[in-house]
Amino acid sequence: MTGPHAAFIIASYAIAFTVIAGLILWTVADWRLTRRALAELEARGGRRRPDGGRT
Amino acid sequence: MGVLTDDDPRATAKPPSAITKRAQRVWSCWPAPTDRTDSMALLSAITSLANPSRFASFADRALPWAAGVTAVLFAAALYLALFVAPPDYQQGETVRIMFIHVPSAWLAMFAYVLMAAASLGVLIWRHPIADVSAKAAAPLGAAFTFLALATGSLWGKPMWGAWWVWDARLTSFLILFLMYLGLMALRSAMEEPSRAAKACAILTLVGSVNIPIIKFSVDWWNTLHQPASVIRAGKPTMDASILIPLLVAALAFTALFTTLHLAGMRTELIRRRLRTLRLTTAARATLSPEPAE
């Protein structure tokens, strides 16, 4: 990856790495935050039905 | 669900002896088909995944495997792209940008086709998972479209002498990026999920006319962009030393998309459950306030 156009190649791979890493981190963070919010609501007694859906 | 038996079509469809216990758990999560013929059994299994909780269970078990396959494929793709593929006789080392640019462009269009199919599921069959799939695919499609545009620009400058030209392929791809952004903005602007689902499904289907325009733009108009060299009538025009790394990279990007899409759908199912619980809790608090002391 040497030569007069090395900067273009390196920049392309750097952008790809950044975008893909960003997607992965965003996906994981979104999953954790949403799951935590659901767990907190359920811990406070939030249920779809008063009996907790057992009937 | 449960233990595979000799009567179960799944027992003959995959050899359990050749896979690990963990893989067996993933496979056994696939709903047991009840019909006799293979095609009907497959249809039955797919249909039963429309159950959100069953789908979430399947995603929980399949995601570690999908992530592992993605990591292995990316390691192979990077090795082939950076150390094995030779420089192109005309473009020199810049051909290595192609191993990111082309799979990104393919996935950008694939994500939109997937969203269009899901939109049909929303509007015609009211499939409970279809809108979840469409919503989860939109940011991924936008990211891959951005990646294709950015790497294309970085490839175009040394090869064409310009960062950007308003030719048919580049312009139609920019429109695809704007479609993704518009769909995400429309969805976030609407409070009611069912209304947002219908509006986004209609807009997605209207925008799907852009996909064949992107594909055939290089044939219909004189453009600076090169014509198709892999997905075309006849065999690919590329040498195997370039084509194989490109196909491995495409597999890696597809595996990444599958993994992130599955994860995004799982999160979206939880988000919808969370919304329902919040509304139910709020309604219950309104209807039966705490008695005064």
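For the record, the sequence lines run as chains P and X.
Position 43, counted from 1, in the first sequence is what the working numbering calls 43; the numbers after and before it change by one each time, with no gaps.
In the working numbering, each residue's number is its place in the second sequence (first place is 1) plus 55.
C-beta atoms are modelled at their ideal positions from N, C-alpha and C, and glycine is treated no differently.
> What residue from X:A136, X:T335, X:P158 and X:M320 has the CA that sits closest to V28 (chain P)'s CA?
Replying inline: Taking the first residue of the first sequence as position 1, residue 28 (chain P) is located at position 28. If we check each option's Cα against that of V28 (chain P), X:M320 comes out closest.
>> Distance cutoff 8 Å, beta carbons only. Does L25 (chain P) sit that close to anything in chain X?
In response: As a working mapping, residue 25 (chain P) is identified with position 25 in the first sequence. No, because no Cβ of chain X sits closer than 8 Å to the Cβ of L25 (chain P).
> Starting from G3 (chain P) and walking both ways along the alpha helix (DSSP H), at which residues does that stretch end?
Replying inline: Here residue 3 (chain P) refers to the residue found at position 3 when the first sequence is read from its first residue. Premise fails: G3 (chain P) is in no alpha helix (DSSP H) and is neither H nor E.
> Got a sec, what are the start and stop residues for the alpha helix (DSSP H) I257 (chain X) sits in?
Replying inline: Locating residue 257 (chain X) in the second sequence gives position 202, where the first residue counts as 1. P248 to G262 is the span of the alpha helix (DSSP H), which, as asked, contains I257 (chain X).
> Exposed or buried, what is I179 (chain X) when buried is set at 16 or more other beta-carbons lying within 10 Å of its beta-carbon?
Replying inline: Mapped onto the second sequence, residue 179 (chain X) falls at position 124. Flag for I179 (chain X) reads exposed.
> Just to confirm, are A21 (chain X) and A114 (chain X) a CB contact at a threshold of 8 Å?
Replying inline: The structure shown does not extend to residue 21 (chain X), since chain X spans only 56 to 348, so no value can be given for it.
>> Cutting at 7 Å between CB atoms, please list the residues of its own chain near T206 (chain X), excluding the five before and the five after it.
In response: Here the question's residue 206 (chain X) lines up with position 151 in the second sequence. Closer than 7 Å at Cβ, skipping near neighbours: I152, I155, H156 and S159.
> What are the residues of the stretch 9–22 of chain P that lie near chain X, defined by any Cβ-Cβ distance shorter than 9 Å?
Replying inline: I9, A11, S12, Y13, I15, A16, V19, I20 and G22
> From this set, X:P194, X:A185, X:S296 and X:A111, which residue's C-alpha is nearest I56 (chain P)'s C-alpha?
Replying inline: Chain P is shown only over 1 to 55; residue 56 (chain P) falls outside these bounds and no answer can be derived.
> Of all the CB atoms in chain X, is at least one closer than 8 Å to the CB of A43 (chain P)?
Replying inline: Against the first sequence, residue 43 (chain P) aligns to sequence position 43. Not an interface residue.
> What's the gap between the Cα of V139 (chain X) and the Cα of L133 (chain X)?
Replying inline: Counting from 1 along the second sequence, the entry for residue 139 (chain X) is found at position 84. Counting from 1 along the second sequence, the entry for residue 133 (chain X) is found at position 78. Distance between the alpha carbons of V139 (chain X) and L133 (chain X): 9 Å.
>> Within 10 Å of its beta-carbon, does A7 (chain P) have 16 or more other beta-carbons around it, so buried, or fewer, so exposed?
In response: In the first sequence, counting from the first residue as 1, residue 7 (chain P) sits at position 7. Classification of A7 (chain P): exposed, given that the 10 Å Cβ count is below 16.
> In this structure, what does DSSP give as the bridge partners for D143 (chain X)?
Replying inline: Reading the second sequence from its first residue, position 88 is the one you call residue 143 (chain X). X:G147.
>> Whole angstroms are fine: how far does the CA of T18 (chain P) sit from the CA of W26 (chain P)?
In response: Taking the first sequence and counting its residues from 1, the one referred to as residue 26 (chain P) is at position 26. Taking the first sequence and counting its residues from 1, the one referred to as residue 18 (chain P) is at position 18. W26 (chain P) and T18 (chain P): Cα-Cα distance of roughly 12 Å.
>> As a quick exercise: from X:T335, X:Y167 and X:I325, pick the residue whose alpha carbon is nearest that of A197 (chain X).
In response: Here residue 197 (chain X) refers to the residue found at position 142 of the second sequence. Of the listed residues, the one whose Cα sits closest to A197 (chain X) is X:Y167.
> Does any C-beta atom of chain X lie closer than 8 Å to the C-beta of R35 (chain P)?
Replying inline: In the first sequence, counting from the first residue as 1, residue 35 (chain P) sits at position 35. Closer than 8 Å: yes.
> With C-beta atoms as the reference, is N265 (chain X) less than 8 Å away from S227 (chain X)?
Replying inline: Stepping through the second sequence from its first residue, residue 265 (chain X) is reached at position 210. Stepping through the second sequence from its first residue, residue 227 (chain X) is reached at position 172. It is a contact, given that the beta carbons lie within the stated cut-off.
> In chain P, which residues lie with their C-beta within 8 Å of the C-beta of I212 (chain X)?
Replying inline: Working through the second sequence from its first residue, we reach residue 212 (chain X) at position 157. In the sequence as displayed, the identity of residue 212 (chain X) is Lys instead of Ile. Result: F8.
> Is A186 (chain X) buried or exposed, if buried means 16 or more other CB atoms sit within 10 Å of its CB?
Replying inline: Translated into positions along the second sequence, residue 186 (chain X) becomes position 131. Residue identity differs from the one stated: residue 186 (chain X) is Asp in this sequence, not Ala. So D186 (chain X) ends up on the buried side.
>> Let me confirm a value: D61 (chain X) is counted as buried when at least 16 other C-beta atoms fall within 10 Å, else exposed. Which label applies?
In response: Counted from its first residue, the second sequence places residue 61 (chain X) at position 6. Low confidence applies to D61 (chain X): its pLDDT is 44, below 50, so where it sits in the model is not reliable, and the reading given next is rough at best. D61 (chain X) is exposed by the Cβ-count criterion.
>> Just to check my reading of the structure: G3 (chain P) and E148 (chain X) have Cβ atoms closer than 8 Å, yes? What is that Cβ distance to the nearest angstrom?
In response: Start at 1 with the first residue of the first sequence, and residue 3 (chain P) comes out as number 3. Start at 1 with the first residue of the second sequence, and residue 148 (chain X) comes out as number 93. That belief holds up - the Cβ atoms of G3 (chain P) and E148 (chain X) are roughly 5 Å apart, short of 8 Å.
> Do you know offhand how far T259 (chain X)'s Cα is from H316 (chain X)'s?
Replying inline: As a working mapping, residue 259 (chain X) is identified with position 204 in the second sequence. As a working mapping, residue 316 (chain X) is identified with position 261 in the second sequence. Whole-angstrom Cα-Cα distance: 17 Å.
> Taking C-beta to C-beta, are T278 (chain X) and R333 (chain X) nearer than 8 Å?
Replying inline: In the second sequence, the residue the question calls residue 278 (chain X) occupies position 223. In the second sequence, the residue the question calls residue 333 (chain X) occupies position 278. Contact: no.
>> Going by beta-carbon coordinates alone, are P141 (chain X) and S249 (chain X) separated by less than 8 Å?
In response: Your numbering for residue 141 (chain X) matches position 86 in the second sequence. Your numbering for residue 249 (chain X) matches position 194 in the second sequence. Their beta carbons are not under 8 Å apart, which means P141 (chain X) does not touch S249 (chain X) by this criterion.
> Would R328 (chain X) pass as a contact of L38 (chain P) if the rule is Cβ separation under 8 Å?
Replying inline: Here residue 328 (chain X) refers to the residue found at position 273 of the second sequence. Here residue 38 (chain P) refers to the residue found at position 38 of the first sequence. Contact flag set, yes.
> Counting along the chain, where does the alpha helix (DSSP H) carrying F201 (chain X) start and finish?
Replying inline: On the second sequence, residue 201 (chain X) is found 146 positions in, with the first residue counted as 1. Note, F201 (chain X): alpha helix (DSSP H), A185 to W215.
>> Judging by CA-CA distance, which residue of X:T341, X:S343, X:I325 and X:L233 is the nearest neighbour of L41 (chain P)?
In response: To locate residue 41 (chain P), count along the first sequence from 1; it is residue 41. It is X:I325 whose Cα lies nearest to the Cα of L41 (chain P).
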